[in-house]
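S.K.: The listed protein sequences correspond, in order, to chains P and E.
So the first sequence is residues 1 to 289, counted in the UniProt record's numbering.
So the second sequence is residues 1 to 253, counted in the UniProt record's numbering.
Idealized CB from N, CA, C, for every residue including glycine.
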Amino acid sequence: MSIVNAVIQGILLGGLYALFAAGLSLMFGVMRLVNLAHGAFAVLAAYGALLIVRTGALNPIAALLIIVPAMAVLGFVVQRFILQRTLGTSPLPALLVTFGLSIIIENTLLLTVTADQQRLNLGSFDTAAIALPGGIRIGAFPLAVFVFALVVLALLSLVLSRTQYGRLVRAVSDDPGTVQLNGADPKLIYGFAAAIAFGLVAVAGVASGVQTSFSPSSGSLFLIFAFEAVIIGGLGSLWGTMLGAVVLGIAQTVGAAIAPAQQILIGHLVFLVFLAFLPGGITRQKALR
Amino acid sequence: MTPEPLVETRSVGRSFGRLEVLSGFDLKVEAGEVLGIIGPNGAGKSTLLAVLGGAIPPTTGTILLDGVDVTRRPSHWRARHGIATSYQVPRPFLGMSVLENLLVAATFAAGSRGHRAQAAAVDSLQRTNLERFANAEASSLRLLDRKRLEVARALASGPRLLLLDEIAGGLTEQEVPELVELVRSVAASGVTVIWIEHVVHALTAVATRLLCLSYGRVLAEGEPAAVLASPEVRRIYLGLDPEVAAPAGGPDA
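#1: Is the region 218-229 of chain E close to the region 49-58 of chain E, with three or more CB pairs under 8 Å?
#2: Output, in sequence order along the chain, the residues in the region 177-209 of chain P whose CB is closer than 7 Å to any CB in chain E.
#3: Evaluate the contact criterion for the region 36-48 of chain E versus the region 203-218 of chain E: three or more CB pairs, one atom per stretch, below 8 Å.
#4: Can you tell me which residues form a DSSP beta bridge with Ala-129 of chain P?
#5: Between E:Ala-106, E:Val-218 and E:Tyr-237, which lies nearest to Leu-27 of chain E when the distance is taken from Cα to Cα?
#6: Could you run through the region 154-170 of chain P and flag, in chain order, every residue whose CB is less than 7 Å away from some CB of chain E?
#7: Along chain P, which residues have their Cβ under 7 Å away from the Cβ of His-76 of chain E?
#8: Just to confirm, does Gln-88 of chain E get its C-beta within under 8 Å of one of the non-hydrogen atoms of the ligand FMN?
#9: Quick check on DSSP: helix, strand or coil for Ser-112 of chain E?
#10: Can the beta-carbon of Ala-171 of chain P be found closer than 9 Å to that of Thr-163 of chain P?
#11: Taking only the alpha-carbon atoms, compute the straight-line gap between Val-53 of chain P and Leu-160 of chain P and give it to the nearest angstrom.
#12: Kindly list, in the order they appear in chain E, the residues whose Cβ is closer than 8 Å to that of Asp-174 of chain P.
#13: For the structure I just gave you, are there three or more beta carbon pairs, one from the region 38-48 of chain P and one from the region 207-221 of chain P, closer than 8 Å?
#14: Excluding the five sequence neighbours on either side, which residues of its own chain have a C-beta within less than 6 Å of the C-beta of Val-34 of chain E, listed in chain order?
#15: Ignore the nearest five residues each way along the sequence and tell me which others in Leu-12 of chain P's own chain have a CB closer than 8 Å to its CB.
#16: Taking DSSP as the reference, what is the three-state secondary structure of Gln-84 of chain P?
#17: Considering only the beta carbon of each residue, do Gly-39 of chain P and Ile-224 of chain P sit closer than 9 Å?
#18: Residues of chain P with CB under 8 Å from Leu-149 of chain E, in chain order?
#19: Indicate whether at least one CB of chain E lies closer than 9 Å to the CB of Leu-13 of chain P.
#20: For a contact meaning CB atoms closer than 9 Å, what does Ser-214 of chain E contact in chain P?
#21: So, does the region 91-111 of chain P touch the region 174-188 of chain P, judging by three or more C-beta pairs under 8 Å?
#22: Using 9 Å as the threshold, is the C-beta distance between Leu-125 of chain E and Ala-117 of chain E below it?
#23: With distances taken between CB atoms, is the gap from Ala-109 of chain E to Ala-138 of chain E smaller than 9 Å?
#24: Give, in chain order, every residue of the region 154-177 of chain E whose Cβ lies closer than 7 Å to some Cβ of chain P.
#25: Can you find the residues in the same chain that come closer than 7 Å, C-beta to C-beta, to Glu-30 of chain E, ignoring five residues on each side of it along the sequence?
#26: Taking only runs of the alpha helix (DSSP H) that begin and end inside the region 187-244 of chain E, which ones reach a length of at least 4 residues, in chain order?
#27: Roughly how many angstroms lie between the CA atoms of residue 298 of chain P and Pro-74 of chain E, to the nearest whole one?
#28: State yes or no: is the C-beta of Ala-37 of chain P within less than 9 Å of the C-beta of Ser-102 of chain P?
#29: Are the beta-carbon atoms belonging to Tyr-190 of chain P and Met-31 of chain P less than 9 Å from one another?
#30: May I have the straight-line CA-CA distance separating Ala-204 of chain P from Leu-150 of chain P, to the nearest angstrom?
#31: Check for me: the beta strand (DSSP E) holding Ala-84 of chain E runs from which residue to which?
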């Protein structure tokens, strides 16, 4: 496997990681909440899709039409009735509560769907690929995920910078108290931000379930990849998150080309290098953009 | 039948732990009034404004807006229904431009959209002499301009009742008349104003009614000159000998 091929596969993998990381980045940017259950919710969405695929005989892409709105509603509800109560000057309550949520979700899944590895099947689309000269094959599905991530992040970024609602989200991120003086309720904005984040993590969970197998305990790995992408890219910046995800993806695939068994370890090492020498990430932005 | 006052408090009280800051407070403010409130530190002035603006709920009593009970309404609801507050310590959105700060208020408090929101934001910029900072980041403003922005934000939110919390504090003697002129023009445009201030001559220049608070109760109330001349106010708030006549022009605090 050539290095060029590894880099291309890494960029595409970065699209998937960007989808995982965008929701985490958004919730942190808007309400300063670190959601440790982010990966667990992705797994929940993957199992939700699996259930729909098996009972409704739909393919996983069609299942997204049900699972994404369902997860968005769940995100709104979880934010309003659980996470909202943890917000305050200390980040500790939110960390404890979301960690607790991740344990509850993982163990509930273990009890109900067992620890068996599962996979979402797309049929022929799974293996479809575009052949390039030099023996490089670009998988149709990873490419679709990458393009989707790019489009979603571009849309989010456009909404944040250009629209009145985006301005309101940036205002809440800046000072929720002053937002109230401006006639808007921060709690409602937090709820919608959580809905978007959960919708994104649902797409990420399902897409990951198509590309690799998953089990109830896959959440922690998803969470770590999302964290690494956010930190490498720079906190609070959506484009930074995309960039960080691509860097992480390349590190993993190039690492796999050099030492096939150490793919994830090499991703972690690159992350540690960033943490040590560029702790603010690639973009180093303070405000949400 | 007389029309409802714009805002009314009925035996409003607010305690912090065992400390009773406001108690049994009754107030009626008619539309178009400029009510000045003075009083020693800790008299409950800022608490009163916070209770009116919805930043903190009263412990007892009711607050009426146009005769409707709004006691349990949160501050963002009140901002949308015409109650705007300018605080002593401005807290603008530091990462956004001055114009964007005002657009948030014009869009979500006043409910204007598109060009109308833009026009309202620009209008409040002009009234507060901030036009040249329109595209500057709020974090780059010095204190005086942040105070102007704080007033501009309240104006952009399309208020019927404007609550001003010691906005003249920290201004120089040259800057105060400019601020007084601004409040006068706001009042002339039909906005009712309640203004808490230690700079007494700023208040007497625009107030149609003056109220002196002490320990959560009304010490004196009425025509500004008469309130300043009352023996209790002179003794408790101004620290003057009540037997000596008030100097012309009123004292500064």
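M.R.: Answer, in terms of the structure:
#1: no
#2: Gly-177, Thr-178, Gln-180, Leu-181, Asn-182, Gly-183, Ala-184 and Asp-185
#3: yes
#4: P:Gly-139
#5: E:Val-218
#6: Gln-164, Arg-167, Leu-168 and Arg-170
#7: Gln-180, Gly-183, Ala-184 and Asp-185
#8: Judged by which ligands are present, the structure shown has none, so any question about the ligand FMN falls away.
#9: coil
#10: no
#11: 34 Å
#12: Phe-93, Leu-94, Gly-95 and Met-96
#13: yes
#14: Ala-187, Val-193, Val-206, Ala-207 and Thr-208
#15: Ile-138, Gly-139, Pro-142, Leu-143, Val-145, Phe-146 and Gly-249
#16: helix
#17: yes
#18: Per Cβ cutoff of 8 Å: no residues; Leu-149 of chain E is ~11 Å from chain P at best.
#19: no
#20: Ordered by position in chain P, no residue passes the 9 Å Cβ test against Ser-214 of chain E, which lies about 28 Å from the chain.
#21: no
#22: no
#23: no
#24: Ser-157
#25: Pro-5 and Leu-6
#26: 200-206 and 224-229
#27: Nothing can be reported for residue 298 of chain P: it is not among the residues displayed for chain P, which extend from 1 to 289.
#28: yes
#29: yes
#30: 13 Å
#31: 83-86
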